[in-house]
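Note sheet for the following structure.
Numbering (my numbering), first residue to last: 3 to 92.
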């Protein structure tokens, strides 16, 4: 994932341009203040997808830790159903 870098005044002066850029590229836009990174702007759909992916990853990590700790095996059919449900939200 690459990011586009813009001065902070860009959001103030060109909100619609930044909004369109985020939606078109699905990439974050980094806003700088005095030449230093200050904020990251994302399109809402991209943000929600990222958050859902992180949530899914966190759940998968929890399952892996439980498996390593000796958790009883789960039927593949049940796992597939759980994964389908989780993927619906990504």
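All residues carry an ideal CB built from backbone N, CA and C; glycine is no exception.
Given the structure is predicted, the values throughout are model-derived calculations rather than measurements.
In chain order, what residues of the same chain lie with their CB nearer than 7 Å to the CB of residue 25, ignoring the 5 residues before and after it? 45
Can you give the beta carbon distance from residue 12 to residue 28, rounded, assuming they're within the 8 Å contact cut? Incorrect: roughly 19 Å between the Cβ atoms, too far for contact.
Just to check my reading of the structure: residue 20 and residue 43 have Cβ atoms closer than 8 Å, yes? What is that Cβ distance to the nearest angstrom? 6 Å
Can you tell me which residues form a DSSP beta bridge with residue 13? DSSP output for residue 13 lists no bridge partner at all.
Classify residue 45 as helix, strand or coil using the three-state DSSP reduction. coil
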